[in-house]
Amino acid sequence: MHAAPDMTPSGDTHVAVEPAGRKSSSPPTIVLAMLLGAACLLQGAPARANEWASCVKELRTIALGKGIGAQVFDSALAGVEPDADILKLFDNQPEFTIPIWDYLSGLVDDERVADGRALMEKWSAVLAQAEEKFGVDRFVIAAVWGVESDYGRIMGRRELVRSLTTLSCSGRRQAFFRGELLATLRILQSGDIPAASLVGSWAGAFGQTQFMPSTYQRLAIDFDGDGRRDIVDSVPDALGSTANYLKRAGWITGQPWGYEVRLPANYAGPAGRRTKQSLAQWSELGIRQVDGSALTGSGPAGLLLPSGAKGPAFIVFRNFDAIFAYNAAESYALAIAHLADRLRGGGAFRTPWPTDDPGIGRAQRREVQQRLLDRGFDVGVPDGIVGARTRTAIRAFQASAGLPQDGRAGMRVLQALRAAGPDPRVERAPGVDPAVAPRPK
Ligand code: CA
Numbered sequence: 438m439h440a441a442p443d444m445t446p447s448g449d450t451h452v453a454v455e456p457a458g459r460k461s462s463s464p465p466t467i468v469l470a471m472l473l474g475a476a477c478l479l480q481g482a483p484a485r486a487n488e489w490a491s492c493v494k495e496l497r498t499i500a501l502g503k504g505i506g507a508q509v510f511d512s513a514l515a516g517v518e519p520d521a522d523i524l525k526l527f528d529n530q531p532e533f534t535i536p537i538w539d540y541l542s543g544l545v546d547d548e549r550v551a552d553g554r555a556l557m558e559k560w561s562a563v564l565a566q567a568e569e570k571f572g573v574d575r576f577v578i579a580a581v582w583g584v585e586s587d588y589g590r591i592m593g594r595r596e597l598v599r600s601l602t603t604l605s606c607s608g609r610r611q612a613f614f615r616g617e618l619l620a621t622l623r624i625l626q627s628g629d630i631p632a633a634s635l636v637g638s639w640a641g642a643f644g645q646t647q648f649m650p651s652t653y654q655r656l657a658i659d660f661d662g663d664g665r666r667d668i669v670d671s672v673p674d675a676l677g678s679t680a681n682y683l684k685r686a687g688w689i690t691g692q693p694w695g696y697e698v699r700l701p702a703n704y705a706g707p708a709g710r711r712t713k714q715s716l717a718q719w720s721e722l723g724i725r726q727v728d729g730s731a732l733t734g735s736g737p738a739g740l741l742l743p744s745g746a747k748g749p750a751f752i753v754f755r756n757f758d759a760i761f762a763y764n765a766a767e768s769y770a771l772a773i774a775h776l777a778d779r780l781r782g783g784g785a786f787r788t789p790w791p792t793d794d795p796g797i798g799r800a801q802r803r804e805v806q807q808r809l810l811d812r813g814f815d816v817g818v819p820d821g822i823v824g825a826r827t828r829t830a831i832r833a834f835q836a837s838a839g840l841p842q843d844g845r846a847g848m849r850v851l852q853a854l855r856a857a858g859p860d861p862r863v864e865r866a867p868g869v870d871p872a873v874a875p876r877p878k
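Take a look at the structure:
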């Protein structure tokens, strides 16, 4: 699984959820269409065995023509079969939308801030070096690390060669995934990362930076100086590569990404990340910093309104676009930017999200899951990840409690579960306190 399911801004208060691993190269509709293609192929798997073999044979010819050694290819592809799980992943992750406040609550919570601060201290020398060499803010580098892989804790477990070969032989994006497969084979050929470490998301994003293999080839660096570019097992290589990525995406040293602002009442003026205006122009429209002071900074800026004019508003500069380049979604970039600010010591947004049912962090999501278990609803292991099973259980609890059945893990359902308490008929593990459901390893 991925720490941060990729999200796509949809222009309103909601973001579409997709299977993890996409980078800016594949628009969501194309990813879904591609998966449908994979589904068709995999459903007919027994009849298509010959098709698979001939596809692998074709890939071998292409790879050898591009300089991949026969031995590298044969050893990487030995016994590899199509990954039918990609079909299941698709089935289990139907397109649905979650509010942006839920998205941000899961990615920027107290745990990720505390973990990030501890790790920034541990790796302070490397971060200082990255900051000096690439001119990229260390808090932003750390925030990307925290959002992409939960600081290297969650990198995906799917074998890259298998996933990418499956995607190279089915669906509409075969040319794209063939390029990624070739890039993966080049990593194996170089010996930079051992085959056993080349695991990641279903679409091939891997390592602590969750780079696609072609991104790795373009932008990964050897920052610990051992001669290998290893973004899986080397934290310095991962942090240095992230800094290199952001620099190449146009990061301007010493500039902020942006900051929260206050809109005048009933604001109906221009907005959007790409609608760039000078700060003087934004000021003329009555926009101020959240504390009421005048706008500061330099260069053209956009006005980000993730939930419309009634929610938090942000002035965003060029460096926000650099973060956006990492994974083309405004909600994603805002999560990185906000986590960076929290790591730096900043607080929550001053303007509340326009909802009476705020989002909750991973600790509270685990509490929801534990309390559902205590009431006899099956959610599996309370891991803080709200998947289909947890949503089904929430819906069932909501039905039993006479609440609207939205299946959403938010503050309202948490409070309802706390009020309901455990069902005495449900056998509980001794000593389990739902408020402190343990953090999974
Ligand atoms: Ca290295």
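Numbering (my numbering), first residue to last: 438 to 878.
Positions of the beta carbon are idealized from the N, C-alpha and C atoms, including for glycine.
On a predicted model such as this, the values are computed, not experimentally measured, just so you know.
Residue i beta carbon near ligand 1 (any heavy atom closer than 6 Å)
i, result
"D663", "yes"
"D670", "no"
"D758", "no"
"D778", "no"
"D843", "no"
"D552", "no"
"D667", "yes"
"D511", "no"
"D728", "no"
"W546", "With the sequence shown as reference, residue 546 is identified as Asp, and Trp is not the correct amino acid for it. Answer for D546: no, Cβ out of range of ligand 1."
"D815", "no"
"D674", "yes"
"D860", "no"
"D659", "yes"
Buried versus exposed, by CB contacts within 10 Å (16 or more), residue i
i, result
"L564", "buried"
"G782", "exposed"
"R876", "exposed"
"T827", "buried"
"S627", "exposed"
"E864", "exposed"
"N756", "buried"
"E721", "exposed"
"L776", "buried"
"R711", "exposed"
"T603", "buried"
"P819", "buried"
"S702", "Reading off the sequence, residue 702 comes out as Ala, not Ser. A702 comes out exposed."
"E569", "exposed"
"T679", "buried"
"R799", "buried"
"R855", "exposed"
Where residue i sits in the DSSP three-state scheme
i, result
"M649", "coil"
"G745", "strand"
"G739", "strand"
"Q692", "coil"
"T679", "helix"
"R808", "helix"
"E697", "strand"
"T829", "helix"
"T733", "coil"
"R459", "Residue placement at R459 is flagged as unreliable, the pLDDT there being 37, under the threshold of 50; a coordinate-derived value is accordingly withheld."
"F643", "strand"
"E518", "coil"
"V636", "strand"
"P483", "Residue placement at P483 is flagged as unreliable, the pLDDT there being 49, under the threshold of 50; the coordinate-derived value follows with that caveat. Of the three classes helix, strand and coil, the one that applies to P483 here is helix, per DSSP."
"F754", "coil"
"Q842", "coil"
"E596", "strand"
"P859", "coil"
"R725", "strand"
"S421", "In the structure as shown, the chain starts at 438 and stops at 878, and residue 421 therefore has no counterpart that could be examined."
"R497", "helix"
"G502", "helix"
"V816", "coil"
"I773", "helix"
"G865", "Gly is not the amino acid found at residue 865; the sequence shown has Arg there. In this structure, R865 counts as coil in the three-state DSSP scheme."
"V584", "helix"
Those residues which DSSP pairs with residue i across a bridge
i, result
"G847", "G796"
"Q714", "A738"
"G709", "L740"
"D568", "First, the residue type needs correcting, since residue 568 is Glu and not Asp in the sequence shown. In the DSSP output, where bridge partners are listed per residue, E568 has none listed."
"R623", "BP columns for R623 are empty, so no partner."
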